[in-house]
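In what follows, a structure is listed as structure tokens, so that the remarks can point back to it.
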Amino acid sequence: MPEVRSTGGARIRYDDVGQGALTLLFIPGWCTRRDIFSPLVTLCAERHRVLCVDLRGHGESEHGDEDFDSDTVLEDLLAVIDASGARQVVPVAISHAGFLALELRRELGAERIPQLVVLDWIVTEPPPPFLATLRGLMSERWGRTRDELFQQWTRGVENKDVLRAVHEDMLEFSEEMWARAAREIAAAYSREGSPLRALAGLSPATPTLHLYSQPDTHDYLETQVAFAATHPWFHVMKLPAVSHLPTLEVPGLVAVGIEALVSGRRTAVSTAHPDLGPRG
0 MPEVRSTGGA RIRYDDVGQG ALTLLFIPGW CTRRDIFSPL VTLCAERHRV
50 LCVDLRGHGE SEHGDEDFDS DTVLEDLLAV IDASGARQVV PVAISHAGFL
100 ALELRRELGA ERIPQLVVLD WIVTEPPPPF LATLRGLMSE RWGRTRDELF
150 QQWTRGVENK DVLRAVHEDM LEFSEEMWAR AAREIAAAYS REGSPLRALA
200 GLSPATPTLH LYSQPDTHDY LETQVAFAAT HPWFHVMKLP AVSHLPTLEV
250 PGLVAVGIEA LVSGRRTAVS TAHPDLGPRG
């Protein structure tokens, strides 16, 4: 397995498969492992080079000797890109790893990061119950709060891979890591306001696709449709999935969406499901 030594000498491990001028960089969220992308990596590697990384302190990547934050993880991702020799990279980030994708675009510029794909991310202002959840993860109630999140992410889910990823793999992460995740996510929302606002501030505009399943509310979709109407570089696709991990639940549809964006064939997305397609 490829690896790179990053800040503090920590080994950051990643998969490097497929070939192509364009490289997809799969970035897991906090308290997950790169395994959540496994079916998607197989599909996307048929057409593109794919890098799929374990974040610092996650999966097979080392923690290092000290506390770390999002800036450290960003340095790790930059080190992976540099070691790979990839010139054009499209980050594919799930959940709040979207903030890392955003920072990669800011750091490397539009020529090297021509597009962004974000998955199941709260792209609006964070709702008060979510902020309360973040506070709970940083308190003595962290275990109960985490379990409530697990219930929310898997309600109505029958997919065995999703259930294993949440109730087994994510369960392995420590109180320290969950608190760190909450701290960094809260700081990002405090700094940016909302991901949509942050994306709108990029110059030049960066074509961005949001593929998501949760939350399954009309208002959330309509907010993004309205944003897309005035920001035509933004596309949203509501997936026919119920979990927080569409990469495991409907990887084929996610792959279709990614390919439609990077190939420029937006109409390819609308053929994936009769009720889907980019809005705006």
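In numbering that gives the first Met the number 0, the protein residues as written are 0 to 279. Cβ coordinates follow ideal geometry from the N, Cα and C atoms, glycine included. Please read all numbers here as calculations on a predicted model, not as lab measurements.
* **Simplified DSSP assignment, three categories, for A44** => Here DSSP, grouped into helix, strand and coil, assigns A44 to coil.
* Under 8 Å between C-beta atoms of Y92 and V52 -> Note that residue 92 is Ala in the sequence shown here, rather than Tyr. With contacts defined by Cβ atoms closer than 8 Å, A92 and V52 do not form a contacting pair.
* For G19, collect the residues of the same chain with a Cβ closer than 6 Å to its Cβ; drop the 5 residues on either side in sequence, then sort them by chain order. => Answer for G19: H47 and R48, listed in chain order.
* On a CA-only basis, which of I184, H166, L50 and L42 is nearest I26? Give me that one, please. => Of all alpha-carbon atoms in I184, H166, L50 and L42, the one lying nearest the alpha-carbon of I26 is that of L50.
* To which residues of the same chain is H166 closer than 7 Å at the C-beta, ignoring the five residues directly before and after it? -> Listed in chain order, the non-local C-beta contacts of H166 below 7 Å within the same chain comprise F149, local neighbours out to five positions each way being set aside.
* To do: Go ahead and pull the three-state DSSP assignment for E139.
  => E139 falls in the coil class under three-state DSSP.
* To do: Could you check how far apart the C-beta atoms of A280 and F98 are, in whole angstroms? I think they sit under 8 Å.
  => What the structure shows of the chain is the stretch from 0 to 279, and residue 280 is not part of that stretch, so it cannot be assessed.
* Asked: Ordered along the chain, which non-local residues of its own chain (more than five positions away) have a Cβ less than 7 Å from that of T153?
  -> Counting only residues of its own chain and dropping the five nearest sequence neighbours on each side, T153 has a CB closer than 7 Å to the CB of V161, L162, V165 and S242.
* To do: List in chain order: all unbroken beta strand (DSSP E) runs of 3+ residues lying wholly within the stretch 73-127.
  => Whole beta strand (DSSP E) segments, 3+ residues: 87-93 and 115-118.
* To do: In angstroms with no decimal places, state the Cα-to-Cα distance between G263 and V72.
  => Whole-angstrom Cα-Cα distance: 30 Å.
* To do: Tell me the start and end of each unbroken alpha helix (DSSP H) in the stretch 210-234 that is at least 4 residues and wholly inside, in chain order.
  => Correct list: 217-229.
* Asked: Across which residues does DSSP place T207 in a beta bridge pair?
  -> By DSSP's assignment, T207 forms a beta bridge with L115 and F233.
* Could you check how far apart the C-beta atoms of L260 and I35 are, in whole angstroms? I think they sit under 8 Å. => L260 to I35, Cβ: 20 Å. No contact.
* How long is the line joining the alpha carbons of S173 and S94, rounded to whole angstroms? -> Going from the Cα of S173 to the Cα of S94 covers about 19 Å.
* **Coil, strand or helix - R12 by DSSP** => In the three-state scheme derived from DSSP, where H, G and I count as helix and E and B as strand, R12 is classed as strand.
* Asked: If you run the structure through DSSP and keep just helix, strand and coil, what is R4?
  -> In the three-state reduction of the DSSP assignment, R4 falls in the strand class.
* For H119, count neighbouring C-beta atoms within 10 Å of its own C-beta (all shown protein chains included) and say buried if the count is 16 or more, exposed if not. => Correcting the residue type first, residue 119 is Asp in the shown sequence and not His. Its Cβ being crowded by 16 or more others within 10 Å, D119 is buried.
* **Reference S189; option with closest CA among S69, P125 and D15** => Nearest to S189 by C-alpha distance, out of S69, P125 and D15, is P125.
* Is the distance from the Cβ of P90 to the Cβ of L115 below 8 Å? -> Taking C-beta atoms as the reference points, P90 and L115 count as a pair closer than 8 Å.
* Asked: Looking only at DSSP bridge pairs, what is T22 linked to?
  -> Paired residue(s): R48 and V88.
* If you follow the alpha helix (DSSP H) that V255 is part of, which residue opens it and which one closes it? -> Taken as a continuous stretch (DSSP letters only), the alpha helix (DSSP H) holding V255 covers P250 to S262.
* Round the Cβ separation of R10 and R4 to the nearest angstrom and send it over; I've been treating them as touching at under 8 Å. => Between R4 and R10 the Cβ distance is about 6 Å, and since that is below 8 Å, they are a contact.
* Cβ shell of R182 (< 7 Å), same chain only, five flanking positions each side left out -> Within its own chain, the residues whose Cβ lies closer than 7 Å to the Cβ of R182, once the five positions on either side in sequence are excluded, are M137, listed in chain order.
* Asked: Going by the beta-carbon positions, is the gap between P239 and P38 smaller than 8 Å?
  -> No, the pair does not count as a contact, with Cβ atoms beyond the cut-off.
* Out of T41, R179, V122 and V156, state which residue places its alpha-carbon closest to the alpha-carbon of H62. => That would be R179, whose Cα lies nearest to the Cα of H62.
* Asked: Out of curiosity, what's the CA-to-CA distance linking V40 and E110?
  -> Taking the straight line from one Cα to the other gives about 24 Å.
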